[in-house]
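Residue numbers (my numbering): 746 to 1049.
Beta carbons are placed, not taken as given, at the ideal position from N, Cα and C, and that holds for glycine.
Reading through the structure tokens given below for one structure.
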Amino acid sequence: MGGGSAVRQYERRFLQGEPEDTGRKDGCEEAPHKTRSFGEYEVHETGSNEYKLIKAGVAIGVFSEARVEEERILFPLSRGMLLEVSKEGVREIATFEKAVLFGLISSDGSNAYHQKINSKGRHHTDHSTRFYSKDRILIELFDESSMKIYGLTPHHYERKDGLITAAIYSKGVFYDLSDYDVKMGAYEFRVPREHLDYDGKKAYLKGFFSGDGSACIVRRKRLQIRFYSKCKEGLEGLRQILMDLGFHPYETEKDERSDNIRYYFSVPARECKKFMDEIGSFKPEHIEAFREYRRLRGEEAERG
């Protein structure tokens, strides 16, 4: 869909500022070609291939691109976000790439700033967004998402034990992610459920699971899928969006096997295939477990 639009539709949050001047000369407007109504909003598709968003008779945005669906219209915004107009109203939702990035940072990432005093005695603030992994596939995924959403290539730092840190040093990226409370502390995260549609919830779960999930074959050739975190409230948010998608995750429990305090919940064995098919993982280790599970299931089907 691209990231551009004909005008800057609104301030950082929708309808918290006046519409900005388009820069066009005054003149007779072309008559609307097609109109669709969504509650108190209307979208006019003009003969010049533009889309005008109207509320109470007042045009509040003009877009050069749109994706028209049966129950909604999606307009591209900046930094991996879309404006969704439907009968339920208007909201900003994440693209697939942005939702994956949300999930990665929520699991094994950070979004923080550090204040220090420079050599001249002045206060200086460093803003950084980071993702940590020993898996280069996930580091590359973080890099690709960062480039597509922000146009920035992360810096890499590798430790002797193989842990790679991919870091973006940008005040703009820091504040953009802070707006959604994706990561509030070293281990605290919040699921931005209000900014995730059906596909966005799947993408967020896939990103998070790739970082802090577990998939392995256990006794009786059964696949075990679990989500782990030190943030119990965040896990409850993950459980909620799984339930939104029709899953029935077990209750969150404390991991008694861990020396550090952390929690987990499991996906029922009967729903593991649904999880593989609809959500999946980017992590090679998980993909291999899925492949082995399918192989074992195939053998059992042949015996039956």
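Who are the near neighbours of residue i in its chain, counting only those whose CB is closer than 6 Å to its CB and skipping five residues on each side?
| i | result |
| --- | --- |
| P899 | D888, S891, A911, A912, I913 |
| E763 | Unreliable positioning characterises E763 in this predicted model, as indicated by a pLDDT of 42, which lies under 50. The coordinate reading is nonetheless provided below. Taken in chain order, the list of residues that qualify is empty. |
| R836 | E829 |
| K999 | Y1008 |
| L819 | R812, L827, E829 |
| A1014 | R967 |
| M1021 | F1035 |
| I884 | S878, I909, A911 |
| L987 | P994 |
| Y949 | A844, F847, G848, L941 |
| K893 | E842 |
| L822 | L828 |
| R1039 | none |
| I1024 | K947, L950, K951 |
| Y943 | none |
Can you name the start and end residues of the beta strand (DSSP E) that residue i belongs to?
| i | result |
| --- | --- |
| H789 | 786-791 |
| E829 | 826-831 |
| R817 | 817-821 |
| Y932 | Looking at the DSSP string, Y932 is not in any beta strand (DSSP E), and its letter there is neither H nor E. |
| G806 | 803-808 |
| L798 | 796-800 |
Between residue i and the rest of its own chain, which residues show a CB-CB distance below 8 Å, the 5 nearest in sequence each way excluded?
| i | result |
| --- | --- |
| G907 | K879 |
| S1026 | K951, F954, S955, G958, A960, I1032, F1035 |
Given residue i, which residues of its chain have a CB within under 7 Å of its CB, disregarding the five upstream and five downstream residues?
| i | result |
| --- | --- |
| G982 | R935, V936, R938 |
| G834 | G784 |
| E1037 | I962 |
| H868 | Q860, I862 |
| D921 | R824 |
| A839 | G825, M826, F847, H940, L941, G945 |
| E996 | F1010 |
| D989 | K946 |
| S831 | F783, E816, R817 |
CA-CA distance, residue i and residue j?
| i | j | result |
| --- | --- | --- |
| E933 | G979 | 7 Å |
| K975 | S1011 | 15 Å |
| Q860 | T870 | 4 Å |
| G1043 | F1035 | 12 Å |
| Y925 | V918 | 11 Å |
| C1017 | G792 | 49 Å |
| E903 | E1001 | 31 Å |
| G1058 | S851 | For residue 1058 there is no data in the structure shown, the boundaries of the chain being 746 and 1049. |
| K843 | P1029 | 21 Å |
| K800 | Y786 | 5 Å |
| R964 | R971 | 15 Å |
| V803 | Y858 | 40 Å |
| T874 | L897 | 11 Å |
| K905 | R881 | 15 Å |
| G768 | R817 | Confidence at G768 is low in this model, with a pLDDT of 41, below 50, so the placement of that residue should be treated as unreliable; the coordinate-derived value is given next. Distance between the alpha carbons of G768 and R817 is about 28 Å. |
| K977 | R984 | 11 Å |
| L886 | Y895 | 14 Å |
| E814 | S1003 | 47 Å |
| G930 | F876 | 14 Å |
| Y973 | N794 | 47 Å |
| M746 | S809 | A caution first: M746 carries a pLDDT of 43, below 50, which makes its placement in the model too unreliable to give a value. |
| D853 | H872 | 17 Å |
| G866 | S923 | 28 Å |
| N1005 | V807 | 52 Å |
| Q969 | K1019 | 13 Å |
| H901 | S864 | 26 Å |
If residue i and residue j are in contact, beta carbons under 8 Å, what's the gap, nearest whole angstrom?
| i | j | result |
| --- | --- | --- |
| S955 | L846 | That belief does not hold up - the Cβ atoms of S955 and L846 are roughly 12 Å apart, past 8 Å. |
| K916 | S855 | That belief does not hold up - the Cβ atoms of K916 and S855 are roughly 15 Å apart, past 8 Å. |
| K966 | L1041 | 5 Å |
Counting only beta-carbon separations shorter than 9 Å, does residue i have a partner in chain C?
| i | result |
| --- | --- |
| D957 | Considering every chain present, this structure includes no chain C. It has just one protein chain. |
As an exercise, report each continuous alpha helix (DSSP H) stretch of at least 4 residues that is fully enclosed by the stretch 837-925, in chain order. 841-853, 881-895, 916-923
Entirely within the stretch 957-1041 and at least 4 residues each: give me those alpha helix (DSSP H) ranges in chain order. 977-989, 1017-1023
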